[in-house]
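Notes to accompany the following structure.
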Amino acid sequence: MANRLVAESSPYLRGHADDLIDWWPWGPRALAEARRRQLPVLLSVGYASCHWCHVMAQESFRDPQVAQFVNDNFVAIAVDREERPDVDQVFMNATQALTGQGGWPMTVFCTPDGEPFFAGTYFPSQARDGQPSFLQVCQTLGRAWAERRDEVVESGAHIASQLADQASVADPAGDQTGEPPAADELLAGALALVDPDNGGFGTAPKFPQPASLDALMVTGEPHQIGAVQLSLEHIVRGGIHDIVGGGFHRYAVDAAWAVPHFEKMLDDNALLLGTLTRAWRRTGPETGDLREHFELAIRGIVGWLSREMAITTDAGTAFASGQDADSLDADGQRVEGAFYLWTPHQVEAVFNRRDALFAQAVFHLTPKGTMPDHSSTLRLHGDPDPDRLKRILGELREVRAERPAPARDDKVVAGWNGLLADSLTSAAMVFGEPEWLTMARSVLDYLWSVHHFDTDHAARSSLAGVAGPAPAVLEDYAGFALGAARLAGATGDTELLDRAVTVLGRGVELFGADDGGFFDAQHDEALFTRARQLADEGGPSATSIMVTALQVVAGLTGNRDWADRARRAEPGLWQVLEQTPLASGWGLTQLAIDAQATAGMGRAQVAIVDPESRPMGLLARAVWRLAPEGTVAALGTPDAPGFGELFAQRHDIDGAPTAYICRDETCFDPVTDFTRLRDPLWRRVVRASLPADGRRKGTRPAHDHGPGDRAHGAPGHDHGPATDGMRVMSHVATDKPRFEWRTLRTAEFGFPGDQRDALVAAVLDGTKTATSEPLDGYRRHDLDPGDELGNYEVVVDSLNQPVALIRINSVATVPLADVDQAHAARDGRGFTTAAQWRTAHEEFWNSDDFRAKLGEPTLELGDDTPIVLLGFRTYRLGDVVAGHVVDFSDVPGA
1 MANRLVAESS
11 PYLRGHADDL
21 IDWWPWGPRA
31 LAEARRRQLP
41 VLLSVGYASC
51 HWCHVMAQES
61 FRDPQVAQFV
71 NDNFVAIAVD
81 REERPDVDQV
91 FMNATQALTG
101 QGGWPMTVFC
111 TPDGEPFFAG
121 TYFPSQARDG
131 QPSFLQVCQT
141 LGRAWAERRD
151 EVVESGAHIA
161 SQLADQASVA
171 DPAGDQTGEP
181 PAADELLAGA
191 LALVDPDNGG
201 FGTAPKFPQP
211 ASLDALMVTG
221 EPHQIGAVQL
231 SLEHIVRGGI
241 HDIVGGGFHR
251 YAVDAAWAVP
261 HFEKMLDDNA
271 LLLGTLTRAW
281 RRTGPETGDL
291 REHFELAIRG
301 IVGWLSREMA
311 ITTDAGTAFA
321 SGQDADSLDA
331 DGQRVEGAFY
341 LWTPHQVEAV
351 FNRRDALFAQ
361 AVFHLTPKGT
371 MPDHSSTLRL
381 HGDPDPDRLK
391 RILGELREVR
401 AERPAPARDD
411 KVVAGWNGLL
421 ADSLTSAAMV
431 FGEPEWLTMA
441 RSVLDYLWSV
451 HHFDTDHAAR
461 SSLAGVAGPA
471 PAVLEDYAGF
481 ALGAARLAGA
491 TGDTELLDRA
501 VTVLGRGVEL
511 FGADDGGFFD
521 AQHDEALFTR
531 ARQLADEGGP
541 SATSIMVTAL
551 QVVAGLTGNR
561 DWADRARRAE
571 PGLWQVLEQT
581 PLASGWGLTQ
591 LAIDAQATAG
601 MGRAQVAIVD
611 PESRPMGLLA
621 RAVWRLAPEG
631 TVAALGTPDA
641 PGFGELFAQR
651 HDIDGAPTAY
661 ICRDETCFDP
671 VTDFTRLRDP
681 LWRRVVRASL
691 PADGRRKGTR
701 PAHDHGPGDR
711 AHGAPGHDHG
721 PATDGMRVMS
731 HVATDKPRFE
741 WRTLRTAEFG
751 FPGDQRDALV
761 AAVLDGTKTA
771 TSEPLDGYRR
781 HDLDPGDELG
791 NYEVVVDSLN
801 QPVALIRINS
811 VATVPLADVD
821 QAHAARDGRG
831 FTTAAQWRTA
841 HEEFWNSDDF
851 RAKLGEPTLE
861 LGDDTPIVLL
871 GFRTYRLGDV
881 VAGHVVDFSD
891 VPGA
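In terms of UniProt numbering, the sequence shown is numbered consecutively and its last residue is 894.
Next comes the structure, spelled out in structure tokens:
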């Protein structure tokens with residue numbers, strides 16, 4: 001008779017419905033039953049693709065003697081770790097604390113209150129090699145509960161208390177004001193852990209760890225890129241790669257990647273798809289076959305997903321969570337890897353002699369094999385002809401399809417599918433595959449509808465198009481937001497961007513912690529502590545995914561609040577990185593991207609203005625191929641709504657797709673020729689935030705400009721005292737270092753009095769973000785307006801008091817007749833047409849006061865008069881600029 005698990009939505013749990021053990025699903029009812037019967041809890045955690053989970057189930061859970069003892073002396077609870085990662089994480093921490101190691105199946109014994117007092121992983125059915133049998137463990141712990149219950153309960157309470165304390169974070173204030181660790185040192189540390197012979201990190205067993213490989217690709221440092229290429233080449237060539245069917249197995253049991261643990265998981269392959277795409281971008285054509293091998297693996301992953309893993313409903317197509325390691329061999333026995341292994345004889349039966357010899361050589365097939373039975377994984381040897389290789393692989397795939405296939409876990413996991421949408425989008429743009437964009441959109445539509453991300457009660461998983469009972473966790477919200485945001489940028493789909501923002505906001509609300517970090521799951525009253533894991537466990541931690549999603553959405557929307565929220569969460573990732581540089585691959589990636597900003601290579605935003613909105617246009621694809629890590633790119637039509645200010649007042653040039661590239665509030669000239677993208681994408685911005693003496697080359701024109709424009713004082717200008725009643729608030733309480741503003745030039749908007757007061761007010765409230773002046777003033781001082789780009793200046797009011805900083809982030813010189821309405825609107829004076837702007841400015845520039853200040857009474861204005869148009873960003877009191885706070889507290893009279 002089936003147990004309670006028959007009604008569960010998880011295929012893994014359903015697989016235990018016919019066990020003789022009377023399993024309960026996780027939840028308060030199960031613990032209530034344990035308290036009612038006053039029995040300890042046996043908690044077993046596993047997942048459908050886990051080989052040793054199946055072994056333990058067959059050996060012990062279906063053994064009548066074992067089942068009778070467990071049912072009489074314990075309340076047994078089974079957990080699918082993929083459905084309830086929070087439960088898995090809490091008890092995995094307990095298992096590692098008690099035993100020094102972890103893994104699955106995970107076996108934990110708890111008090112009726114769910115507090116662990118003993119833990120392990122796989123226990124055999126018969127004692128061997130000093131390890132007790134599962135029944136012996138149960139009998140020993142059953143006696144301990146009967147004879148020394150108070151001691152056991154006290155031990156469980158003590159362990160639970162310690163684990164709860166470890167899950168909490170120290171005083172957040174100290175973390176937030178601390179300096180981040182040095183990214184270059186952490187990257188060097190990660191590089192030192194790379195196996196110089198076989199690539200990857202450490203020794204056997206070896207996991208690909210794509211998130212850590214991602215971090216090594218941020219800076220472009222040749223040794224780090226070389227380590228990534230070495231690692232991925234060995235992984236792609238190794239037996240861990242299912243070169244016949246596509247995709248990668250979970251990990252290798254040897255250092256050379258020859259023999260894998262044969263389960264294939266969606267999350268691993270989603271991440272490797274993204275990492276391989278990034279590595280392909282970083283691998284130049286001069287590497288020849290290496291690039292081809294990467295592309296073969298990338299297309300193999302997508303092909304495997306499409307053929308073998310798709311779950312299609314009316315709402316869309318998502319992808320199953322994994323395939324089992326085991327399948328039936330020729331004798332009908334369940335054997336790990338049977339579906340994937342070959343012998344030379346089997347290959348000879350498929351091909352003619354010439355092709356058989358080719359296949360045996362290319363795949364390193366020998367009579368000895370790689371497995372105990374002399375069968376072998378296929379490992380790519382040499383650099384065979386690509387067309388012949390594809391033909392051989394296709395024929396092997398057809399033959400292999402006749403074998404009994406591994407079981408598939410049809411459960412759709414939201415977070416993993418969100419990460420897949422992210423990787424599919426990048427791969428689609430790099431390789432020009434619009435069908436992959438369609439796949440990504442279908443995944444997100446499925447999650448939105450089936451998993452109810454359109455409500456406040458999103459589901460972690462689904463089966464056959466029906467949402468499961470487990471609530472979505474942080475990984476799910478972050479993964480969906482990241483995938484939706486990335487695809488929105490690639491396609492210009494504002495509906496998707498709205499969904500990303502909505503889900504991201506819900507994630508912050510549901511999982512945000514008081515210290516600025518995030519919990520992994522919502523509160524579960526049945527757990528003795530709330531799950532929180534900052535270090536990677538197989539894949540990137542949920543917090544590091546969330547930080548990445550926040551940064552991407554911040555770049556697409558221009559909403560700095562998202563970026564600020566990401567920075568509040570980063571100190572927790574820094575803490576684990578200081579323990580080992582492999583602790584958080586995406587945490588290190590974000591840290592390295594932020595560190596690049598100090599060298600003028602901060603996060604770039606690219607607006608691709610295309611009147612026809614073509615995702616696969618040459619310019620758009622070139623951006624995705626060439627851009628540095630951390631770049632956020634979006635496609636849109638002129639003045640496209642929905643992306644904040646990214647497309648505001650930006651137009652195509654002569655009908656051609658046009659890329660507008662900005663970094664650190666500095667924008668470069670628009671680009672229409674895709675062959676000219678690399679320079680602005682990789683150009684460093686000269687940062688003037690902390691000059692040694694504040695002095696720039698040359699002297700700025702010392703004159704006022706139009707009614708919305710500024711004059712410049714000398715560096716170190718003496719700011720006189722404010723009169724009573726007019727004192728400016730100029731101090732902010734903070735422990736951050738202050739921005740050194742005294743040596744910067746002053747920006748004097750208009751002439752002192754009502755005119756300047758109105759203009760300064762417009763600067764402070766954000767309505768004025770542009771200014772202008774005739775080019776003649778620059779020429780008279782032999783200066784280039786382009787040198788303004790990136791410079792900071794101090795805005796002063798009519799009393800010569802500093803009130804703000806501005807940074808010049810765009811410079812253009814155009815004929816007076818070509819000044820457009822977009823610039824006029826940014827002037828801050830309420831101009832609705834370019835003609836209004838021109839009338840007001842000509843009146844000012846023709847005034848006696850202006851000409852006297854300019855020292856040029858004969859200035860002539862006409863349609864062809866060159867005008868310098870400057871855009872700027874304002875930093876107010878208390879804003880942080882390059883890690884330094886804007887603070888004018890030392891102004892006399894302040």
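From the three backbone atoms N, C-alpha and C, an ideal C-beta is built for every residue, glycine too.
- Message: Going by C-alpha to C-alpha distance, which of S442, Y477, L437 sits closest to T455?
- Response: Y477
- Between the stretch 315-334 and the stretch 274-282, do three or more beta carbon pairs fall short of 8 Å? no
- Close-in-space but distant-in-sequence residues of the same chain around G369 (CB under 6 Å, 5 per side omitted): S375, S376
- Message: Which residue marks the beginning of the alpha helix (DSSP H) containing A359, and which one marks its end?
- Response: 353-362
- Counterpart residues of residue 918 in DSSP-defined beta bridges: As displayed, the chain neither begins before 1 nor continues past 894, which places residue 918 out of reach and without an answer.
- Message: Quick check on this structure: which residue in M616, A592, V41, P657 has the alpha carbon closest to the alpha carbon of N71?
- Response: V41
- Since I believe H381 is in contact with A361 (beta carbons under 8 Å), could you give me their beta-carbon distance rounded to a whole number of angstroms? 7 Å
- Can you tell me whether R84 is buried or exposed, with buried defined as 16 or more other CB within 10 angstroms of its CB? buried
- Message: To the nearest angstrom, how far is the alpha carbon of F69 from that of L230?
- Response: 52 Å
- Message: Please report the straight-line C-alpha distance between D171 and N417, rounded to a whole angstrom.
- Response: Annotation note: pLDDT 36 at D171 (below 50); position unreliable, no value reported.
- Query: Leaving out five residues before and five after W436 in sequence, what residues of the same chain have Cβ atoms less than 8 Å from its Cβ?
  - Reply: V302, L424, T425, A427, A428
- Message: Could you compute how far the alpha carbon of G636 sits from the alpha carbon of F668?
- Response: 18 Å
- Between which two residues does the alpha helix (DSSP H) carrying T283 extend? Premise fails: T283 is in no alpha helix (DSSP H) and is neither H nor E.
- Where do the ends of the beta strand (DSSP E) carrying M106 lie? 106-110
- Message: Can you look up N93 in the DSSP assignment and give me helix, strand or coil?
- Response: helix
- Query: Between the C-alpha atoms of Y122 and G394, what's the straight-line distance to the nearest angstrom?
  - Reply: 38 Å
- Task: Note down the Cα distance separating V547 from D195, rounded to an integer number of angstroms.
- Result: 29 Å
- Query: Mind pulling the alpha helix (DSSP H) runs of 4 or more residues that sit fully within the stretch 600-645?
  - Reply: 618-626
- Message: Relative to the C-alpha of A78, which candidate in V66, A94, N93, F61 has its C-alpha closest?
- Response: F61
- Message: Going by the DSSP bridge assignment, what does F319 pair with across the sheet?
- Response: A310
- For H841, does the three-state DSSP call read helix, strand or coil? helix
- Taking the alpha carbon of D445 as the point to measure from, which residue in R143, D493, A57, G300 has its own alpha carbon closest? D493
- Leaving out five residues on either side along the sequence, give the residues of the same chain with a beta carbon under 6 Å from the beta carbon of I225. R282
- Complete runs of the alpha helix (DSSP H) confined to the stretch 206-290 [at least 4 residues]: 210-215, 222-237, 266-282
- Item | Proximity to W624 [Cα-Cα], best of I593, G489, G600, R499 | G489
- Determine the burial state of residue 902: buried for a count of at least 16 other Cβ atoms within 10 Å of its Cβ, exposed for fewer. Residue 902 is absent from the structure shown; the chain starts at 1 and stops at 894.
- Item | Contact under 7 Å by Cβ, F480 with V443 | no
- Message: Is the beta carbon of A604 closer than 7 Å to that of L677?
- Response: no
- Is the Cβ-Cβ distance between A569 and G630 less than 7 Å? no
- Item | Rounded C-alpha distance that separates T111 from R36 | 12 Å
- Keeping to the same chain, check which residues put their C-beta closer than 6 Å to that of D797; ignore five residues upstream and five downstream. V760, V803
- Query: Looking only at C-alpha atoms, which of A227, L378, M265 sits nearest to H241?
  - Reply: L378
- Message: Relative to the C-alpha of T769, which candidate in L213, R873, T95, H523 has its C-alpha closest?
- Response: R873
- Would you list the residues sitting across from C662 in a DSSP beta bridge? Q605, C667
- Message: Taking 6 Å as the limit between beta carbons, can you name the residues of its chain near W562, skipping five residues before and five after?
- Response: L550, V553, A554
- Query: Can you name the start and end residues of the alpha helix (DSSP H) that T557 belongs to?
  - Reply: 542-557
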